[in-house]
Amino acid sequence: MPELPEVETLCCQLRQVIIGAKIEKIDVIDPKLGTTEGLEGKIVRGIRRHGKTLSLELEGNLELVLHLRMTGRLLWSNGNGLEPHTRLVISFADGRIFLIDPRRFGTVTINRIGDCSSLGCDPLEGFDASHLWKIAQRCTIPIKSFLMDQRRIAGIGNIYACEILHRARLYPWRKTNALSRAEWTELGGAAKEILTRAIACRGTSVSDWRDLFGREGENQDYLLVYGREDTACYRCGGRIQRRKLNGRGTYFCPTCQNG
DNA sequence: CCCTATGTTCCCAA
DNA sequence: CTTGGGAACATAGG
Numbered sequence: 015m016p017e018l019p020e021v022e023t024l025c026c027q028l029r030q031v032i033i034g035a036k037i038e039k040i041d042v043i044d045p046k047l048g049t050t051e052g053l054e055g056k057i058v059r060g061i062r063r064h065g066k067t068l069s070l071e072l073e074g075n076l077e078l079v080l081h082l083r084m085t086g087r088l089l090w091s092n093g094n095g096l097e098p099h100t101r102l103v104i105s106f107a108d109g110r111i112f113l114i115d116p117r118r119f120g121t122v123t124i125n126r127i128g129d130c131s132s133l134g135c136d137p138l139e140g141f142d143a144s145h146l147w148k149i150a151q152r153c154t155i156p157i158k159s160f161l162m163d164q165r166r167i168a169g170i171g172n173i174y175a176c177e178i179l180h181r182a183r184l185y186p187w188r189k190t191n192a193l194s195r196a197e198w199t200e201l202g203g204a205a206k207e208i209l210t211r212a213i214a215c216r217g218t219s220v221s222d223w224r225d226l227f228g229r230e231g232e233n234q235d236y237l238l239v240y241g242r243e244d245t246a247c248y249r250c251g252g253r254i255q256r257r258k259l260n261g262r263g264t265y266f267c268p269t270c271q272n273g
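So for the first sequence, the numbering used here puts the first residue at 15; every next one is plus one.
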């Protein structure tokens, strides 16, 4: 589920409930997740996001890093009952964070704050079009693969890659090094627009995405191409197609995404 | 049985 | 070395 806008939604909502709170207890329901030793009793100093990773910054220069992968979600609740597929429970004085993850791909790790990560730039922190244009010059992979490569740009997954490319009028298979500087600028603007609106809508609930408080997002009402195979393009009336790229369903309008 | 799924990593081939 | 393709991970749903 979660790409940058969904993780950003959780990040903002977690700040509302656990900044300054003490971790009373951590229950690892599914040991496949990894270890969370030694964090009980620590105060949450901050919450941050980089790409699709979410970190709880703790005392002692430590951070608990969550990655939700395909089907992970977080739920804030006061109750004791476990929803199906609950993998981890972090308890505070006035509530608990439940990590729910049917496919069990999610991960939890402990890092020292400041350890460098292999993630690329975050498109909300500044999509540096001229820097990206430069590193794109020797890169012949399709532009959609480039956008989704977390080492180069962190946070864009399959849904938003499709949406951004449609907004920027770019064909997903276009060679990365064939984009002009002007097209990179256009792409940066499209990314910013698509992602900020998705955040304002608290994410895209096309399947089972819910925010921290269990509510659906609203961005599914604004999707331009994702999931719209064989329907009319809102911009030009063309017929939206779906084809595979690197094993992922790729939605685009062959009529207006020809650049 | 088939196919699909919002992510990442690894292996293999060209 | 790079790039690209596919499988794997584990589970649910159509």
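Don't be surprised by glycine CBs; every beta carbon is placed ideally from N, CA and C. Note that the coordinates shown come from a computational prediction; the quantities given were computed from them, not determined experimentally.
Rounded Cβ spacing between residue i and residue j (contact assumed at less than 8 Å)
i    : j    : result
F106 : L89  : Actually they do not touch by this definition, with Cβ atoms about 14 Å apart.
W198 : W147 : 4 Å
L133 : K158 : That pair is no contact at about 19 Å.
E232 : Y265 : Rounded, the Cβ-Cβ distance is 19 Å, inconsistent with contact.
L3   : L209 : In the structure as shown, the chain starts at 15 and stops at 273, and residue 3 therefore has no counterpart that could be examined.
P156 : K189 : 7 Å
P137 : G86  : The pair is not a contact, with the Cβ atoms about 21 Å apart (cut-off 8 Å).
Residues sharing a beta bridge with residue i, DSSP
i    : result
P156 : K189
N125 : E77
A246 : R253
G140 : DSSP output for G140 lists no bridge partner at all.
I40  : I104
Reduced DSSP category for residue i - H, G, I as helix; E, B as strand; rest coil
i    : result
H81  : strand
Y265 : strand
D108 : coil
D222 : coil
W235 : According to the sequence as given, residue 235 is Asp; it is not Trp. Of the three classes helix, strand and coil, the one that applies to D235 here is helix, per DSSP.
T210 : helix
G203 : helix
H99  : coil
E71  : strand
C176 : helix
L259 : strand
C26  : helix
I114 : strand
W216 : What sits at residue 216 in the sequence shown is Arg, not Trp. Residue state, collapsed to three classes: coil.
L161 : helix
R63  : strand
I32  : helix
I170 : coil
L89  : strand
Closest residue to residue i among the options (Cα-Cα distance)
i    : options                : result
G60  : E54, K66, I170, L78    : L78
F119 : M84, L102, R256, F141  : M84
T67  : G202, A168, F266       : A168
P98  : D115, C25, V21, I127   : D115
R117 : T123, R126, G261, L82  : L82
I127 : L184, T269, Q255, H64  : H64
L76  : C215, R256, T123, T218 : T123
E200 : L28, N125, I57, G273   : G273
I57  : K46, K36, V42, G48     : K36
G74  : L80, G171, E54         : E54
C26  : V220, R216, P137       : R216
G48  : G140, N125, Y174       : N125
Q164 : Y236, T154, C135       : C135
Classification of residue i by the beta-carbon crowding that lies within 10 angstroms, buried from 16 upward
i    : result
C130 : exposed
S69  : buried
G34  : exposed
D225 : buried
F141 : buried
S219 : buried
Q271 : buried
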